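Input: a single structure, listed below in structure tokens.
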RNA sequence: GGCGCUAUCGUCUAAGGGUUAGGACAGGGCCCUCUCAAGGCUCAAAUCGGGGUUCGAAUCCCCGUAGCGCUACCA
């Protein structure tokens with residue numbers, strides 16, 4: 001069975017590039033019947049924070065793509081140190097006593113740094129003696145650089161890869177403080193956790209040669225590797241919080257009102273496509289269509305809407321979210337809509353009980369012109385509250401000749417009628433308009449303005465029944 | 001500097017030897033219509049440059065150029 005892992009380090013918030021890596025791992029696992037392992041790579045004790053761990057977990061949970069196992073790398077430290085010791089014992093790694101201050105290899109000109117002179121060749125006797133004497137050292141992997149050969153592998157995305165041993169430096173396994181480096185910890189864990197497919201960002205493509213060397217020296221079977229193209233900001237530089245702010249953070253998409261499925265759909269289309277022109281896809285459709293081999297090799301730019309009033313994100317992401325918001329089964333949307341209405345402070349307990357049918361109907365009617373969950377709070381106040389303002393354009397509709405008196409007359413008719421439905425309201429409005437020699441649209445738009453304070457919204461007749469008879473009559477009389 | 005990866009409309013992408021180079025977002029226009037959306041139709045918009053190979057190249061090869069990655073006792 002395939003086993004994939006997502007291995008974030010808790011040194012910052014969950015990045016959308018990380019979220020996409022997680023998504024592609026998840027899709028690969030789900031489409032091949034594999035398991036998803038979440039491994040928190042917290043070996044850099046100096047930079048780890050509790051807050052960023054929480055942010056990563058929050059973000060991942062929000063995506064609603066559950067993982068099957070969870071591990072903390074820091075708790076596996078003993079295994080990492082043991083592995084380094086074993087490599088030293090068999091000569092595959094060696095101690096490097098070069099002081100840290102002398103290490104910065106000057107690479108700005110001339111030859112690339114490969115190893116510190118003399119340290120590879122230190123006899124084990126001298127090495128053991130200096131270590132026993134307490135001299136600090138780092139453990140490095142001994143790359144077989146005397147061989148003219150190299151490491152080759154077939155990347156699932158980037159195809160054939162090859163690197164000469166002579167171009168791989170003797171990378172560190174253990175730091176002088178005794179803690180494992182990323183390369184060591186990650187490879188030991190990938191091996192011991194039985195990871196079969198390592199799917200990660202392209203920034204690790206050249207690290208893979210080191211990992212293969214390590215994995216094989218450790219006696220593990222080599223997993224398959226697949227590297228994903230990177231996500232770049234609108235300016236073409238690697239997406240980062242510093243440069244791109246909320247655009248790069250998963251939780252800001254959540255806070256902006258994205259549905260998990262809308263956001264996931266957007267991410268899925270960055271560097272991959274189903275090849276059949278479909279864009280709006282449910283998670284199950286993504287699982288069916290996903291093929292790791294058809295992931296692109298080109299980096300993708302994440303756009304930002306530039307027009308004033310736009311959400312500060314890729315307009316396509318907003319559009320895609322709107323597709324899901326409008327087209328998903330209403331009942332699936334309801335929990336999210338409830339959240340949005342609660343956030344706006346308009347939630348009443350009866351929406352969950354006696355008025356549940358009404359709530360469902362209102363959300364269904366309202367959602368067709370919304371794109372983000374936060375649009376409920378922005379544009380639907382009059383459906384939930386009586387204290388709404390009157391927009392200028394709506395006021396203009398009320399101020400047209402004869403509209404206010406006609407609306408007050410309409411209030412009486414509706415109050416006096418026994419029927420109250422979209423159709424009966426439409427009859428009342430149209431016949432009143434005809435009697436008064438007015439264009440029906442004048443009355444219709446006036447009624448919408450009176451009932452909602454807005455010039456835009458659902459069909460005016462629908463608005464009546466959503467607002468309810470008593471409130472509708474009251475709002476019409478108040479004009 | 002060294003090693004490597006990549007290159008189609010503004011953006012996300014389809015087409016891996018033969019297509020009027022397709023779709024989507026964003027932009028323009030039209031239709032629908034009680035408004036705004038949605039939806040439908042439509043316009044504008046691309047194969048980085050130069051050499052090859054071939055009857056034929058966006059597609060294969062080479063050279064440039066550009067972008068990105070790696071080159072840490074960070075992950």
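Residue numbers (our numbering): 1 to 479. C-beta atoms are modelled at their ideal positions from N, C-alpha and C, and glycine is treated no differently. Source: prediction; values computed, not measured.
Beta-carbon spacing of residue i, residue j below 8 Å
| i | j | result |
| --- | --- | --- |
| residue 162 | residue 172 | no |
| residue 260 | residue 68 | no |
| residue 228 | residue 287 | no |
| residue 430 | residue 440 | yes |
| residue 239 | residue 17 | yes |
| residue 447 | residue 455 | no |
| residue 198 | residue 223 | yes |
| residue 407 | residue 476 | yes |
| residue 48 | residue 98 | no |
| residue 34 | residue 2 | yes |
| residue 304 | residue 234 | yes |
| residue 375 | residue 251 | no |
| residue 139 | residue 193 | no |
| residue 464 | residue 451 | yes |
| residue 341 | residue 360 | no |
| residue 343 | residue 300 | no |
| residue 380 | residue 398 | no |
| residue 324 | residue 265 | yes |
| residue 339 | residue 389 | no |
| residue 92 | residue 282 | no |
Residue i - partner residues in DSSP beta bridges
| i | result |
| --- | --- |
| residue 162 | 152 |
| residue 94 | 140 |
| residue 238 | 232 |
| residue 66 | DSSP, once it has assigned bridges, lists no residue as partnering residue 66. |
| residue 197 | 4, 224 |
| residue 72 | 40 |
| residue 301 | 232 |
| residue 35 | 3 |
| residue 455 | Residue 455 is not bridged to any residue. |
| residue 174 | 139, 180 |
| residue 15 | 249 |
Local Cβ density within 10 Å of residue i, reported as buried at 16 or more and exposed below that
| i | result |
| --- | --- |
| residue 249 | buried |
| residue 206 | exposed |
| residue 362 | buried |
| residue 327 | exposed |
| residue 8 | buried |
| residue 373 | buried |
| residue 410 | buried |
| residue 70 | exposed |
| residue 345 | exposed |
| residue 113 | exposed |
| residue 82 | exposed |
| residue 262 | buried |
| residue 66 | exposed |
| residue 128 | exposed |
| residue 219 | exposed |
| residue 268 | buried |
| residue 101 | exposed |
| residue 95 | buried |
| residue 436 | exposed |
| residue 148 | exposed |
| residue 125 | exposed |
| residue 118 | exposed |
Cβ separation of residue i and residue j, assumed to be a contact under 8 Å, to the nearest whole Å
| i | j | result |
| --- | --- | --- |
| residue 168 | residue 5 | Contact flag wrong, Cβ pair sits at about 24 Å. |
| residue 290 | residue 38 | Actually they are not in contact, since the Cβ atoms of residue 290 and residue 38 sit about 19 Å apart, beyond 8 Å. |
| residue 403 | residue 442 | 6 Å |
| residue 319 | residue 273 | Actually they are not in contact, since the Cβ atoms of residue 319 and residue 273 sit about 16 Å apart, beyond 8 Å. |
| residue 419 | residue 473 | Rounded, the Cβ-Cβ distance is 14 Å, inconsistent with contact. |
| residue 120 | residue 41 | Actually they are not in contact, since the Cβ atoms of residue 120 and residue 41 sit about 28 Å apart, beyond 8 Å. |
| residue 21 | residue 201 | 6 Å |
| residue 184 | residue 86 | Contact doesn't hold; Cβ gap of about 11 Å is too wide. |
| residue 14 | residue 56 | 5 Å |
Residue i CB to nearest heavy atom of the ligand GTP below 7 Å
| i | result |
| --- | --- |
| residue 183 | Although the ligand GTP was asked about, the structure shown includes no ligands whatsoever. |
Three CB pairs or more closer than 8 Å across the stretch 48–57 and the stretch 310–321: no
contact_flag[the stretch 281–298, the stretch 218–232] where n(CB pairs < 8 Å) is 3 or more: yes
Do the stretch 264–280 and the stretch 378–394 make contact, defined as three or more Cβ pairs closer than 8 Å? no
Counting Cβ pairs, one atom from each stretch, are 3 or more of them under 8 Å apart for the stretch 213–225 and the stretch 136–144? yes
Quick check: the stretch 380–391 against the stretch 341–356, are at least 3 beta-carbon pairs closer than 8 Å? yes
Report yes or no: do the stretch 72–83 and the stretch 174–185 share at least 3 C-beta pairs separated by less than 8 Å? yes
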